[in-house]
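Residue numbers (the working numbering): 35 to 587.
Quick reminder that beta carbons are idealized off the backbone N, C-alpha and C, glycines included.
This one's a predicted model, so the numbers in the text were calculated from it and none came from an experiment.
So the structure is just underneath, and the comments pick up after that.
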């Protein structure tokens, strides 16, 4: 009968090595091999993020003290072939007893002795996001099946970070319980985020690229502790518990959980409410998400509030490129009228990791360093009480874009390229709607045609723009030329798509229809007329270096 499964030494983290091989490794090996591991390879992108942040918390506790004393230490770590294993091993040895998944007195990320009034355990569907229950994220796993200790560890970390809201089992000893129920305290902290991970060529680089120096945080390093350095959890919420920094957020116990060990596997679980998070006040602590200014929350709190910005499912990450970059003089701002004063604030703020990395570009990172980001968001269903889907996307761009002053001109070029792409798709949609108006008197039909055309435009634009952005030069002159080439491609592509839409129109569209305007006048909609309007708008939005010619006619 297994009574110990220590996550430091037992294999449980799925990884892909540089040679393409896949394996499961323990925490000690994942750090020792980080330079040879390409990336984590869990079942879900959200699980990769949750486990990565656990590793990042360990790295920070291992090197924060040296990093605080030596401003050049990060550069030294970057240049070294491997991570500082002596420091990491020393730290892990000091907390090794807290990483045993099955320890009866202090199980990893769990609450020993957790129980509800009826003494009932729940099925593993409580923690498996893809189990076949109503509104499940996926339909793959059978909740009646047991989980290996390795899989249980993965889902345990995932649940602490991404658990849905809703009523939980009422834990004995939790004063908040009413009628045997634990009433909602919100989703797991990572559920609020557009979880942003800066990717390197290997896991060692990825860990360092997402490392924010202790100087960023206002608290003393030893006041920002992971949960495994705190006293073992009880069923009650910790009194006066509050987040002191990134490490605390990476390991925050928002749920009280206990896994049931049948001697060879995990077969049941109990999930109860844990410590709530003040989700309005984490801007100074959370480093791995873009932020958006929230006017409603700011007015309610009577102070400026930035909320995490999630990734919108179905919308490519590049369309929100500006949220990953600082707002320069030409960036987006909001004017805040509050407390008899007017403040001009950025409407969005990038992840602190990107701003920290910007300070390292040029020294020790090369000036032409390219940033690759993975962004992941969990999307919830009704009342955030069920999982809906996972949104995940990645993007590569010149690191110079993240430098506030020096990168402003290049940033303007990149953001104009995004704006022109979105305008091109919008204009194609408008043309498709006009073509339908030539054919039929209907409100719904033009809207549907516009949506279909916009989707077709984005399908054409998407990969092309990603490649364009990844190759954008850091030379101002070259980047301007690339912007013009991008604009020319957009114009030619949209005009070609417009001709296709016109060609597929019915004969009635060529005859046209009279449409009454709000002022009582009438406008004749025909293919010839709406095509003239379309071409005029396209040439205005996507200018040539020279005046338009008969190109494409």
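Residue i classed as buried or exposed, judged by whether at least 16 other C-beta atoms fall within 10 angstroms
i           : result
residue 595 : No answer is possible for residue 595: the residues shown for the chain start at 35 and end at 587.
residue 68  : buried
residue 110 : exposed
residue 202 : buried
residue 579 : exposed
residue 538 : exposed
residue 373 : Its pLDDT being 47, under 50, residue 373 is placed unreliably in this model, and the coordinates cannot settle the point.
residue 197 : buried
residue 426 : buried
residue 552 : exposed
residue 274 : exposed
residue 249 : exposed
residue 432 : buried
residue 475 : exposed
residue 132 : buried
residue 150 : buried
residue 101 : buried
residue 439 : exposed
residue 364 : Residue confidence for residue 364 is low, a pLDDT of 49 falling below 50, so the modelled location carries little weight and cannot support an answer.
residue 542 : exposed
residue 569 : buried
residue 312 : exposed
residue 544 : exposed
residue 347 : exposed
residue 590 : Because the chain here runs from 35 to 587, residue 590 falls outside it and cannot be looked at.
residue 468 : buried
residue 330 : exposed
residue 521 : buried
residue 531 : buried
residue 562 : exposed
Beta-bridge pairing of residue i - partner residues as DSSP gives them
i           : result
residue 306 : 203, 290
residue 325 : 342, 383
residue 230 : 409
residue 498 : None; residue 498 has no bridge partner.
residue 426 : 410
residue 50  : 56, 73
residue 273 : In DSSP, residue 273 forms no bridge with anything.
residue 431 : 405
residue 421 : 414
residue 156 : 303
residue 40  : 134
residue 395 : 399
residue 212 : 215
residue 355 : Bridge partners of residue 355: none, in fact.
residue 181 : 300
residue 195 : Paired residue(s): none; residue 195 is not in a bridge.
residue 295 : 300
Residue j beta carbon less than 8 Å from that of residue i
i           : j           : result
residue 386 : residue 246 : yes
residue 134 : residue 40  : yes
residue 62  : residue 126 : yes
residue 161 : residue 193 : yes
residue 243 : residue 391 : yes
residue 219 : residue 310 : yes
residue 508 : residue 401 : yes
residue 516 : residue 199 : no
residue 518 : residue 447 : no
residue 259 : residue 454 : no
residue 499 : residue 286 : no
residue 50  : residue 64  : no
residue 290 : residue 136 : no
residue 186 : residue 300 : yes
residue 269 : residue 326 : no
Below-8 Å beta-carbon distance, residue i vs any chain B residue
i           : result
residue 270 : Judged by its chain identifiers, the structure shown contains no chain B, having just a single protein chain.
With three or more beta-carbon pairs closer than 8 Å as the criterion, would you say the stretch 292–310 touches the stretch 338–353?
Contact annotation: the stretch 292–310 does not touch the stretch 338–353, with fewer than three C-beta pairs closer than 8 Å.
For the structure I just gave you, are there three or more beta carbon pairs, one from the stretch 236–245 and one from the stretch 259–266, closer than 8 Å?
No, because fewer than three Cβ pairs between the stretch 236–245 and the stretch 259–266 fall closer than 8 Å, the two stretches do not touch.
Using 8 Å as the Cβ pair cut-off and three pairs as the minimum, do the stretch 522–531 and the stretch 458–466 touch?
Counting Cβ pairs under 8 Å, three or more are found: they touch.
Examine the Cβ distances between the stretch 153–161 and the stretch 274–284 and report whether three or more of them are shorter than 8 Å.
Segments in contact, no.
Return the chain-ordered ranges of every beta strand (DSSP E) run that is complete within the stretch 518–581 and spans a minimum of 3 residues.
As far as the stretch 518–581 is concerned, its whole beta strand (DSSP E) runs of at least 3 residues are 547–550, 556–559.
Could you say if the stretch 383–401 and the stretch 314–322 meet the contact criterion of at least three C-beta pairs nearer than 8 Å?
With three or more CB-CB distances shorter than 8 Å, the stretch 383–401 counts as touching the stretch 314–322.
When you compare the stretch 406–426 with the stretch 64–82, are there three or more beta-carbon pairs, one atom per stretch, that lie closer than 8 Å?
Contact between the stretch 406–426 and the stretch 64–82 is present: three or more C-beta pairs spanning the two stretches fall below 8 Å.
So, do the stretch 98–114 and the stretch 289–305 have three or more beta carbon pairs nearer to each other than 8 Å?
As far as the Cβ criterion goes, the stretch 98–114 does not touch the stretch 289–305, which means the pair count is below three.
Just checking, does the stretch 548–562 make contact with the stretch 487–498 on the three C-beta pairs under 8 Å criterion?
Contact between the stretch 548–562 and the stretch 487–498 is absent, because fewer than three Cβ pairs lie under 8 Å.
What residue ranges within the stretch 117–149 form continuous alpha helix (DSSP H) runs of no fewer than 4 residues, ordered along the chain?
Listed in chain order, they are 119–129.
Uninterrupted alpha helix (DSSP H) stretches inside the stretch 77–103 (no shorter than 4 residues)
As for any alpha helix (DSSP H) of minimum length 4 sitting wholly inside the stretch 77–103, the runs are 79–103, ordered along the chain.
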